[in-house]
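Add 17 to a position in the first sequence, counting from 1, and you land on the number used in our numbering. All C-beta atoms, glycine included, are put in the ideal place defined by N, C-alpha and C. Treat the numbers as computed from the prediction; the structure is a model and nothing was measured. Here is the structure we will look at.
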Amino acid sequence: MNAAAVTKRQQTLQRKLLAWYDRNGRDLPWRRSKDPYAVWLSEIMLQQTQVATVMPYYERFVRRFPTVHVLAAARIDAVLKLWAGLGYYSRARNLHKAAAEIVREHDGRFPDSVEALRTLPGIGRYTAAAIASICFGRRAAVVDGNVIRVLTRLFNISDDVRKPATVNRLWGIADSHAPARRCGDYNQAIMELGATVCTPGATARCDICPLQAQCAARKAQTVAELPRKSAKAVVRHETHIVAAICADDRWLIRRRPSDGLWGGLWELPSAQVSGAATVEAVRRLARSLGVPRCTVSTQPFCVSNHQLSHRLIRFTGYRCSLQGTEAADSMNADLRWVTLAQFSKLGISQAMRRIAEALGAGESNDRGTRSISRRQSRHGKPVRSAGTPRAASRRIA
DNA sequence: AATTCGGGGGC
DNA sequence: GCCCCAGAATT
Numbered sequence: 018m019n020a021a022a023v024t025k026r027q028q029t030l031q032r033k034l035l036a037w038y039d040r041n042g043r044d045l046p047w048r049r050s051k052d053p054y055a056v057w058l059s060e061i062m063l064q065q066t067q068v069a070t071v072m073p074y075y076e077r078f079v080r081r082f083p084t085v086h087v088l089a090a091a092r093i094d095a096v097l098k099l100w101a102g103l104g105y106y107s108r109a110r111n112l113h114k115a116a117a118e119i120v121r122e123h124d125g126r127f128p129d130s131v132e133a134l135r136t137l138p139g140i141g142r143y144t145a146a147a148i149a150s151i152c153f154g155r156r157a158a159v160v161d162g163n164v165i166r167v168l169t170r171l172f173n174i175s176d177d178v179r180k181p182a183t184v185n186r187l188w189g190i191a192d193s194h195a196p197a198r199r200c201g202d203y204n205q206a207i208m209e210l211g212a213t214v215c216t217p218g219a220t221a222r223c224d225i226c227p228l229q230a231q232c233a234a235r236k237a238q239t240v241a242e243l244p245r246k247s248a249k250a251v252v253r254h255e256t257h258i259v260a261a262i263c264a265d266d267r268w269l270i271r272r273r274p275s276d277g278l279w280g281g282l283w284e285l286p287s288a289q290v291s292g293a294a295t296v297e298a299v300r301r302l303a304r305s306l307g308v309p310r311c312t313v314s315t316q317p318f319c320v321s322n323h324q325l326s327h328r329l330i331r332f333t334g335y336r337c338s339l340q341g342t343e344a345a346d347s348m349n350a351d352l353r354w355v356t357l358a359q360f361s362k363l364g365i366s367q368a369m370r371r372i373a374e375a376l377g378a379g380e381s382n383d384r385g386t387r388s389i390s391r392r393q394s395r396h397g398k399p400v401r402s403a404g405t406p407r408a409a410s411r412r413i414a
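What follows is the structure, given as structure tokens:
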């Protein structure tokens, strides 16, 4: 908030960063205009996600939803479908909500202040400042993972950056250094420096850094140790079962509740179990879906480990064939019967995609035969999800 | 202040 | 394997 006391040193940093950025800034799709919609979308996608990962998703998304009006009018399923695989799906749900809000409350125009932007779902202090500075020329500093690295090194700050108090301190420092003019470029410059030069650990390229003469960590030879982070929480291990319930060539799928993990995405019904994966647990899951009687394969068709940042989930999938013709709860809009091809085109997580592929590999190989078969891909290599024990990689029909 | 949210790039 | 990533919302 305080732009009053701008020191000579701050001006030097601003000038060097901007000059460096003018020469070395990457040509990214969302930098080609100051259209707040494009910038907003990119900033949301880039949350905790690297540029290289975002690129194809961004291109697809703007092609399908070119304006905030188109996005606001879309169904959430269509949005999640294009987001599928990118992770952190609340971003997509909040994006959709915010689009509707912008159209409804702001006549389709983006708010141009940090405070007003901040009220939109999915827009926190970083994203609000990024949009306000880049699109509307506001003087608003940003702090992200890149800026944390650059600032802790520039000022040789060894506080634990996992503590909110440390990050708050960095927000203050960032704010005191943000220039009144070209603040959007300045913000992108310091992030670009963190992404391409002031990189983590020993990969930092201090030799080509425009701020090497000003860097306290370089002088103190602490670059590789900064930023300092306390140990992160240990990953919990969980066991989940998957019920692949089949009637003819259709599978019962369900939409996950909109909050929580993989919220709003479709899945082959799954559930966490406390002990080991069992056929009994699968039967219970099937019953809860309105499938009272079915035959559950004794051998799983797939065991797949899925690593998340804070937990490791082991999915064990079982085939279930329906007895009789009773349908699952037909009044439940979150349940559907679809072919595997249809399923793969819906918004589903990467974890579920792998499970569905294991299921499909077994299908295609089993076509026309009842024999025990080793699942194979088209390339002839055995299909085996990460961590699958060999014994479980074959299915007994 | 601590947890919860995904998935992949790059070493 | 490991660390990290243009963070936000919830508890």
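Discussion item. Spatial neighbours of H86 within its chain, please: C-beta separation below 7 Å, excluding the five flanking residues on both sides.
Written reply: V120, G125
Discussion item. The beta strand (DSSP E) that contains G334, what's its start and end?
Written reply: 328 to 339
Worksheet item: Considering only C-alpha positions, which residue in the set I225, C319, Q205, S287 is nearest to G42?
Response: Q205
Item to complete: Select from F318, L99, E255 the residue whose C-alpha is nearest the C-alpha of H327.
Response: E255
Item to complete: Within its chain, find whatever has a CB closer than 7 Å to the CB of A403; leave out the 5 residues flanking it on each side and keep chain order.
Response: Note on A403: pLDDT 36, under 50, position unreliable in the model; the coordinate value appears next. For A403, where only same-chain residues beyond five positions count, the Cβ hits under 7 Å are S321, N322.
Item to complete: Could you spell out where the alpha helix (DSSP H) holding L97 opens and where it closes?
Response: Looking at the DSSP string, the run of the alpha helix (DSSP H) that includes L97 is 93 to 100.
Item to complete: With DSSP collapsed to three states, give me the class of Q64.
Response: coil
Discussion item. Which residue marks the beginning of the beta strand (DSSP E) containing N349, and which one marks its end?
Written reply: From DSSP, N349 is part of no beta strand (DSSP E); its letter is neither H nor E.
Worksheet item: Among S366, A373, W279, which residue has its Cα nearest to the Cα of L318?
Response: Here residue 318 is Phe; the residue named in the question, Leu, does not match the sequence. Nearest option by C-alpha distance: A373.
Worksheet item: If I93 sits next to G281, beta carbons under 8 Å apart, how far is it from one beta carbon to the other, in whole angstroms?
Response: 6 Å
Discussion item. I need the straight-line Cα distance from M348 to A293, nearest angstrom please.
Written reply: 32 Å
Worksheet item: Excluding the five sequence neighbours on either side, which residues of its own chain have a C-beta within less than 6 Å of the C-beta of A417, listed in chain order?
Response: Beyond the ends of the chain as shown, which are 18 and 414, falls residue 417; an answer cannot be given.
Item to complete: Measure the alpha-carbon distance for G141 versus R135 and round it to whole angstroms.
Response: Those two C-alpha atoms are separated by around 6 Å.
Practice prompt. Below 6 Å CB to CB, which residues in the same chain sit around D351 once its five sequence neighbours on both sides are set aside?
Written response: R271, R272
Worksheet item: Taking Cβ to Cβ, would you say A195 is nearer than 8 Å to A157?
Response: Cβ atoms of A195 and A157: closer than 8 Å.
Worksheet item: Taking Cβ to Cβ, would you say A260 is nearer than 8 Å to V296?
Response: For A260 and V296, no; Cβs fall outside 8 Å.
Item to complete: For A234, I'd like the list of residues in its chain whose CB is within less than 6 Å of its CB, leaving aside the five on either flank, ordered along the chain.
Response: R170, N173, V240, L243
Worksheet item: Mapping DSSP to helix, strand and coil, what is C215?
Response: Coil, per DSSP.
Fill in: For L357, the three-state DSSP class (helix, strand or coil)
helix
Discussion item. Using C-beta distances below 6 Å, list every residue in its chain close to N163, excluding the 5 sequence neighbours before and after it, in chain order.
Written reply: M208, G211, A212
Discussion item. Please report the distance separating the alpha-carbon of V23 from that of S193.
Written reply: 8 Å
Worksheet item: Quick one: what does DSSP say N322 is sitting in, helix, strand or coil?
Response: strand
Discussion item. I believe A288 touches I258 by the beta-carbon criterion, under 8 Å. Please report the beta-carbon distance rounded to the nearest angstrom.
Written reply: 6 Å
Worksheet entry | Straight-line gap, R155 to L112 (C-alpha atoms, nearest Å) | 22 Å
Worksheet item: Should P217 and R166 be called a contact, given that it needs their Cβ atoms to be closer than 8 Å?
Response: yes
Item to complete: State the Cα-Cα distance for the pair R26 and L35, rounded to the nearest angstrom.
Response: 14 Å
Fill in: For L339 and L357, believed in contact at Cβ under 8 Å, the rounded distance
Incorrect: roughly 16 Å between the Cβ atoms, too far for contact.
Practice prompt. Let me know the secondary structure DSSP gives W47 once reduced to three states.
Written response: helix
Worksheet item: Roughly how many angstroms lie between the CA atoms of R77 and K98, to the nearest whole one?
Response: 11 Å
Discussion item. By the DSSP assignment, the beta strand (DSSP E) with S287 in it spans what residues?
Written reply: 287 to 290
Worksheet item: Cα-Cα, which of Q31, R80, Q65 is closest to A55?
Response: R80
Discussion item. Restricting to runs no shorter than 4 residues, where is the alpha helix (DSSP H) found entirely within the segment 105 to 189?
Written reply: For the segment 105 to 189, whole alpha helix (DSSP H) runs of length 4 or above, ordered along the chain, are 107 to 122, 131 to 135, 142 to 153, 162 to 171.
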